[in-house]
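Quick notes on the structure that follows.
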Amino acid sequence: MTTAPPKVAPGAAPETGAEAALVAALLALDPVGLGGVALRGPPGPAREAWLALLRRLLPREAPWRRVPPGVADGRLLGGLDLPGTLQAGRRIAERGLLAEADGGVLLLAMAERLPAATALRLAAALDTGEVRVERDGLALCQPARLGLVALDEGLEEERPPVALLDRLAFHLTLDGAPPDAAAPASLRAARARLRRLPPPAPAVIEALCATAVALGIASLRAPLLALRAAQAAAALAGRRAVEAADAALAARLVLAPRATRLPAPEEAAEEEEAAEARPPEATPEAAPGEAAAQTLPDVVLAAARAALPPELLAHLAAAAPVAGAGAGGEGRKGPARQAARRGRPVGTRAGDPRAGFRLSLVETLRAAAPWQRLRGAGGAGARIAVRREDFRVLRLRRPAETTTVFVVDASGSAALHRLAEAKGAAELLLAACYARRDRVALISFRGSGAELLLPPTRSLVRARRCLAALPGGGGTPLALGLEAARALAATERRQGRTPLLVLLTDGRANISREGRAAGRAQAEADALAAGRALRREGCAGAVLLVDMAPRPQAFARDLAEALGAPHLPLPAADPALLSAAVQRTAARLVAGHGAAA
Amino acid sequence: MTGPVNGAINGAAAHPPPRRAAAPRPARAAARAAPKEAASGRRTPYPFSALVGQEEMRLALLAAAVDPGIGGVLVFGDRGTGKSTAVRALAALLPPMRAVRGCRYACDPADRAGCEDCRARRSRGALPTHSLPVPVIDLPLGATEDRVVGTLDLERALAAGVKSFEPGLLARAHRGFLYIDEVNLLEDHLVDLLLDVAASGENLVERDGLSIRHPARFVLVGSGNPEEGELRPQLLDRFGLSVEIRTPEVLADRVEVIRRRDAFEREPEGFAALWAEEEAATRQRIAEARGRIGAMATPVAILEAAARLCLALGTDGLRGELTLVRAARAVAALEGEAAVTLAHLRRVAPAALRHRLRRNPLDEAASTTRVERAMAEVLGA
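Quick mapping for you: the protein sequence lines, in order, are chains S and G. One point on numbering: in numbering that gives the first Met the number 0, the residue at position 505 of the first sequence is 504, and numbering is uninterrupted. One point on numbering: in numbering that gives the first Met the number 0, the residue at position 377 of the second sequence is 376, and numbering is uninterrupted.
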């Protein structure tokens with residue numbers, strides 16, 4: 000086995016400096032095939048050094064462009080060149096950043112704040128290698144074969160959009176160490192070798208696919224990108240074909256950071272894969288040297304396992320109770336995306352400024368520009384002829400709005416114990432909501448039904464009055480309360496707001512979904528079903544269950560689990576703690592919204 | 000490896016070998032004028048027949064190709080499963096169509112109505128015709144409304160001062176397919192517009208001082224990932240068939256996807272040649288099915304079964320029933336049968352009905368399961 004410039008033994012713990020340099024070299028070899036890298040870390044010398052290294056390794060003539068945060072469609076995709084059009088009196092198209100970066104690299108600033116819509120435009124270009132424009136009366140199709148460097152400065156919860164991460168081979172975290180200086184001086188020879196590589200041995204593809212499955216990676220892009228990384232690694236190391244070490248390296252760099260679960264323990268994994276992957280028969284180039292003793296999937300899986308981020312386990316564990324935040328994060332992404340589609344500006348659109356919209360002067364002039372000669376302007380008065388159809392109005396950004404819905408159990412059992420205390424806690428929360436300019440709503444359930452006592456409002460006074468006057472007594476129709484909450488949450492979401500539910504109950508359900516006293520077992524089953532429905536509605540991670548029972552019951556915990564909600568027993572939870580929990584959840588929701596918006 | 004390539008999994012487009020050192024371009028060099036149909040047709044599409052698995056999606060697309068009246072296909076599912084690849088690959092399978100020569104909407108010569116131009120020309124004598132590939136038009140993200148519906152031809156307006164209509168994507172999709180990737184993220188007003196035109200078969204343009212109507216009959220195909228956002232529920236049942244697509248679970252299938260993809264990227268033409276025979280056979284199947292579907296017998300028992308199934312599921316309106324029967328007929332035609340059977344009905348029922356169910360918050364079963372359950376109850380095991 001030839002020694003690669005950056006030496007990596009399969010299964011060894013990664014050295015960040017050398018690894019970062021290796022990623023730069025691989026990406027520079029095949030930026031288009033690998034899609035790019037999500038580079039996580041604060042701006043600073045480490046990042047600058049890495050970018051400089053990448054730039055040095057790329058062919059000198061390769062373009063290097065930067066996408067600013069909040070880039071407009073016109074600049075990204077291309078569109079009408081306004082000065083050129085005015086000058087020439089005919090349509091002149093302007094190339095966008097994507098087309099300009101063709102054959103090179105596109106840097107994406109603040110990728111963690113990237114709007115979903117922009118991410119999908121980039122994804123489309125990465126998929127097809129071209130950028131198609133149907134805008135401003137133009138129809139263009141330009142090549143845009145490029146690698147993307149998504150600069151991710153996000154905090155804990157912020158990540159670039161999944162649609163983009165899925166298409167970038169490397170997810171690299173820079174931890175301050177500068178990239179190893181041992182990076183190769185030139186990649187010319189390696190580039191030539193990459194072009195001449197023969198098709199990969201079936202065993203290599205099988206190993207990569209099996210590893211992806213073992214790590215719980217669903218997308219098929221992952222093994223494909225890993226295969227390309229392995230090919231680039233082989234070329235970099237001076238090999239004529241992909242070998243086990245290359246596949247192991249690719250698994251470590253490409254697959255391990257995508258893992259959503261830990262691979263099954265050694266023995267089980269071996270059996271499973273032996274059965275599934277059919278160990279390679281007679282693939283001379285696949286398993287030479289030190290790896291000969293093990294089957295290829297084992298080597299590859301071992302390498303990936305060794306590189307699994309140490310916090311993965313903690314992450315997965317932490318994700319479990321707060322439902323859905325783990326792998327896909329569908330819980331909070333759903334509503335956030337929905338809201339983003341409504342609230343976020345998509346630039347400008349044709350519209351009447353008198354209808355209460357704000358006029359965008361530049362865009363209006365841009366729309367009017369090509370028509371000037373036709374409209375006969377410029378002749379006599381040299382005035383610009385702007386017609387009604389040219390008007391472009393701004394689409395305003397609407398800040399993420401949250402509606403906190405209090406779902407209060409006002410049944411006899413709850414009233415007896417501590418309805419007053421619950422009211423006190425709710426009042427504290429109300430104050431917090433007010434500080435955040437949230438809207439609040441109040442649903443109460445008792446007797447044989449649930450009632451929306453206070454439709455969503457910003458009025459703190461009304462909310463407080465409503466809460467104070469809350470009558471108590473009767474059975475506990477928990478399922479009906481949850482159903483009412485679900486309906487309200489769905490309405491709020493449709494209107495672009497993010498619902499946050501605070502459920503205050505003692506969990507002693509005894510009224511069925513039909514509103515009849517049907518025994519505890521039936522009532523509890525109905526409540527659990529309603530809880531799961533609520534969670535499916537996309538409320539996971541946006542519900543808090545405050546247990547008002549003097550001694551918390553197991554059922555309340557089950558319900559919290561069904562809801563994907565934290566369970567806060569009131570006796571232990573002092574009101575301040577409760578308030579902090581709500582604020583934390585709300586902050587996470589807003590952060591999720593930010594990442595999506 | 001030959002060309003460094005990035006494409007959607009399972010296909011999409013292949014690219015020429017790596018570019019030689021391109022001369023650095025001035026940063027904002029203007030691509031002069033508007034190259035209308037920029038050279039994108041060169042690229043070899045991934046062959047439809049080379050897709051691995053995903054039977055339901057393939058069947059739905061083929062059925063829509065046989066009978067456009069089924070009314071569009073919605074493909075929703077996991078990332079990287081070849082949704083867009085399959086739709087884009089469909090273009091190569093469609094048998095060419097006859098069209099009026101010189102007609103900008105590619106009117107069907109057999110269609111008495113046609114566009115205004117064709118009607119005027121027809122009154123003066125027989126129309127010349129030619130053969131054209133069926134259009135499969137991609138609606139790119141960020142497309143503006145003027146390009147979708149069509150607008151005043153600026154070039155002609157500026158150069159000659161003539162007010163003339165420049166057809167948009169809807170006109171180009173006439174008699175073919177209009178594909179919207181990430182349909183769930185398309186702006187609401189565009190989705191409304193597209194669905195409206197798709198349903199009426201006519202595009203009405205009232206803008207920039209123009210008043211134009213032209214035929215625009217196309218099959219709407221949408222795809223998306225539910226994690227990015229749901230489609231508005233009132234739009235769901237405007238699609239004839241709805242397909243759920245998942246990542247293949249079997250390892251061997253996954254390996255095969257990657258292997259074919261890699262082979263395709265190395266040598267797109269060579270790979271396509273390997274599949275040319277199967278592609279031709281499928282094309283032939285579609286053509287024959289189209290010929291057969293007119294005379295397809297649909298026994299009363301089948302109509303009854305469809306009605307009972309829809310009743311059991313409580314689907315709203317008659318659209319579900321109609322689509323179900325039409326899709327079953329198309330599948331029967333594809334399989335060379337002379338009559339529709341219950342087996343055909345069963346195969347298409349999930350796709351035809353799963354997006355028409357009323358949401359029952361307390362029924363946890365996925366809609367597919369509900370359709371299957373109803374089938375077991377109504378049609379027997």
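Each residue gets a CB set at the ideal place from its N, CA and C atoms; glycine is no exception. Predicted, not measured: the structure shown is a model, and the values here were computed from it.
Three-way DSSP call (helix, strand, coil) for residue i in this model
i: G/V133; result: coil
i: G/S366; result: helix
i: G/I301; result: helix
i: S/R192; result: helix
i: G/R206; result: strand
i: G/A375; result: helix
i: S/A221; result: helix
i: S/L503; result: strand
i: G/A32; result: Because the pLDDT at G/A32 is just 33, under 50, the model does not fix this residue reliably, and the point stays unresolved.
Segment limits, beta strand (DSSP E) that includes residue i
i: S/Q494; result: Unbroken run through S/Q494: none, as it is neither H nor E.
i: G/Q283; result: Per DSSP, G/Q283 belongs to no beta strand (DSSP E); it is in the alpha helix (DSSP H), P267 to I292.
i: G/L219; result: V218 to G223
i: S/W63; result: W63 to V66
i: S/R94; result: A92 to R94
Residue environment, residue i, which counts as buried when at least 16 other CB atoms sit within 10 Å
i: S/Q141; result: buried
i: G/H173; result: buried
i: S/A209; result: buried
i: S/V203; result: buried
i: S/E513; result: exposed
i: S/Q494; result: exposed
i: G/H188; result: exposed
i: G/D145; result: buried
i: G/G167; result: buried
i: S/V460; result: exposed
i: G/L333; result: buried
i: S/Q86; result: exposed
i: G/E303; result: exposed
i: G/A365; result: exposed
i: G/V218; result: buried
i: G/S122; result: exposed
Nearest residue (CA-CA) to residue i, options the options
i: S/A149; options: S/A124, S/L113, S/R120 and S/D174; result: S/L113
i: S/R583; options: S/V542, S/R550, S/D557 and S/M547; result: S/V542
i: S/I517; options: S/S447, S/Q371 and S/S458; result: Per the sequence presented here, residue 517 of chain S reads as Ala, with Ile not at that position. Of S/S447, S/Q371 and S/S458, the residue nearest in Cα terms is S/S447.
i: G/V65; options: G/G167, G/G290, G/V220 and G/R118; result: G/G290
i: S/A122; options: G/L131, G/L93, G/P139 and G/T128; result: G/P139
i: S/G35; options: S/L224, S/R556 and S/E99; result: S/L224
i: G/L234; options: G/A85, G/R206 and G/L184; result: G/L184
i: G/Y178; options: G/S222, G/A337 and G/R258; result: G/S222
i: G/T246; options: G/V190, G/E201, G/S48 and G/K82; result: G/K82
i: S/D101; options: S/R89, S/A116, S/L125 and S/R90; result: S/L125
i: G/R78; options: G/P225, G/V72 and G/I292; result: G/P225
i: S/W63; options: S/G78, S/A45 and S/A98; result: S/A98
i: G/V99; options: G/S130, G/I69, G/V74 and G/V72; result: G/S130
Rounded separation between residue i and residue j - CA only
i: S/A236; j: G/D261; result: 21 Å
i: G/A342; j: G/A331; result: 9 Å
i: G/D180; j: S/G128; result: 16 Å
i: G/L352; j: G/R282; result: 27 Å
i: S/L312; j: G/A300; result: Unreliable placement is indicated for S/L312, whose pLDDT of 41 sits below 50; no coordinate value is reported for it.
i: G/E55; j: G/G76; result: 12 Å
i: S/L606; j: S/L105; result: Nothing about residue 606 of chain S can be reported from this structure: the residues present for chain S run from 0 to 596 only.
i: S/R531; j: S/E560; result: 9 Å
i: S/G146; j: S/G215; result: 26 Å
i: G/S48; j: G/L356; result: 32 Å
i: S/A484; j: S/V545; result: 15 Å
Alpha helix (DSSP H) segment containing residue i, residue limits
i: G/G319; result: R318 to L333
i: G/C117; result: E115 to R123
Contact test: residue i Cβ vs the ligand NAD heavy atom, cutoff 6 Å
i: S/S185; result: The ligand NAD is not among the ligands present in this structure, which contains no ligands whatsoever.
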